[in-house]
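The working numbering applies: residue 28 is where the sequence shown begins, and numbers increase by one. One structure below.
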Amino acid sequence: MIESPTITPEPRPRLPEWLRTKLPTSASFSVTRGLLQELKLHTVCESAKCPNHWECWSKGTATFMIAGDRCTRACGFCAVTTAKPFALETDEPARVAEATRRMRLKHVVITAVARDDLRDGGAEHFRQTIEAVRAANPGIVIEVLTPDFLDREESIDTVLAANPHIFNHNLETVRRLTPSVRSRATYDRSLSVLGKVKASRGPAIHTKSGLMLGLGETEEELFTAMGDLRTANCDILTLGQYLQPTLKHLPVREFVSPAKFAEYKITAEKMGFTHVASGPMVRSSYHADEFHVA
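Below, the structure written as structure tokens:
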């Protein structure tokens with residue numbers, strides 16, 4: 028009898044000191060959590076197991092995730108549940124607006140799960156939420172972080188009709204790794220979405236995208252992706268460290284040092300990005316309000 032060879036699992040890299048954070052003990056955290064529970068709202072902070080949600084909630088900020096907490100896609104990096112979504116809640120836009128009013132937000136980020144089950148991908152729900160938030164909070168800066176809507180122009184135009192200030196859609200990773208990292212999404216489709224938004228609104232809107240580092244990309248591939256985003260006229264870039272949310276998700280291949288992130292920020296600025304957030308703990312909406320809309 029021939030015994031099967033023993034397969035030794037690849038050792039997981041040790042979490043470096045710069046990623047070990049202390050949990051804040053602010054009363055604002057409990058207030059924010061209570062408000063979100065009262066209004067029955069989802070946040071990407073919790074659903075995606077964001078490492079920054081303790082800090083953000085302690086400051087009274089949150090990224091609202093609309094259209095439910097069940098995604099129709101199963102990306103290898105994301106902790107959001109993949110399952111058949113429930114029907115859209117017609118009063119959700121009003122609840123999000125009420126939360127932003129009570130929190131006295133000056134900058135709000137509205138994101139959503141991918142809803143490939145809906146003809147418009149949830150674009151109309153985005154529009155209604157943006158308009159409800161603006162009606163309750165005149166003067167608030169509204170940033171959307173959208174799925175790709177399968178690159179449908181009518182869906183993109185529906186969101187743009189509500190006039191968000193910032194349109195964010197993440198490229199997530201380099202071209203070579205996209206098939207193994209993202210579910211259904213494609214590298215070129217994401218670039219197309221960003222390009223269409225900018226072509227439609229020009230300087231009247233800021234486009235934004237983000238990349239996760241540490242998934243196995245090379246520096247050359249990273250710079251190529253950054254260049255591709257600039258070719259699509261993307262204005263704002265976020266670069267952050269990928270962290271494996273559970274053992275079922277893609278492993279971390281490398282922990283990129285803070286010094287490297289600082290170098291990448293300089294490179295991105297030289298490429299022409301108007302604002303760059305680059306660091307191990309940076310996420311798409313982390314400190315989003317630090318970018319001031321003209």
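Glycine residues also receive a C-beta, built at the ideal position from the N, C-alpha and C atoms.
Classified as exposed, R41 has fewer than 16 neighbouring CB atoms from the shown chains inside 10 Å of its CB. In the displayed model, R209 falls within coil according to three-state DSSP, outside both helix and strand. Of all C-beta pairs linking the region 114–123 to the region 145–156, three or more are shorter than 8 Å, placing the two stretches in contact. T90 counts as buried, since no fewer than 16 other beta carbons sit within 10 angstroms of its beta carbon. If you ignore the 5 residues before and after P191, its C-beta comes within less than 6 Å of the C-beta of I157, I169 and V171, all in its own chain and listed in chain order. Here K292 is near V303, since their CB atoms are less than 7 Å apart.
In this chain, the beta strand (DSSP E) harbouring T265 covers I263 to Q268.
Rounded to whole angstroms, the gap between the alpha carbons of E246 and T173 is 27 Å. With contacts defined by Cβ atoms closer than 7 Å, P272 and A106 form a contacting pair.
Between S305 and F288, the C-beta spacing is below 7 Å. With contacts defined by Cβ atoms closer than 7 Å, L221 and H196 form a contacting pair. When C-alpha distances from E65 are compared across I263, T99 and E125, the shortest belongs to E125. Collapsing the DSSP output to three states places I157 in a helix.
With at least 16 other beta carbons inside 10 angstroms of its own, P120 counts as buried. Beta bridge pairing from DSSP links C98 with T109. If you draw a straight line from the Cα of L198 to the Cα of V136, it is about 17 Å long. Less than 7 Å separates the beta-carbon of H233 from that of D262.
The Cβ-Cβ distance between T265 and G237 falls below 7 Å. Straight-line spacing of the CA atoms in A159 and L132 works out to 14 Å. Each of T294, G166, T108 and F104 was checked against the Cα of G95, and the nearest Cα belongs to T108. Each residue's CA atom was taken as its position, placing K275 and T138 some 24 Å apart. Residue environment: D215 is assigned as exposed (fewer than 16 neighbouring CB atoms within 10 Å of its CB, all protein chains considered).
In terms of Cβ geometry, L242 and R209 do not form a close pair [threshold 7 Å].
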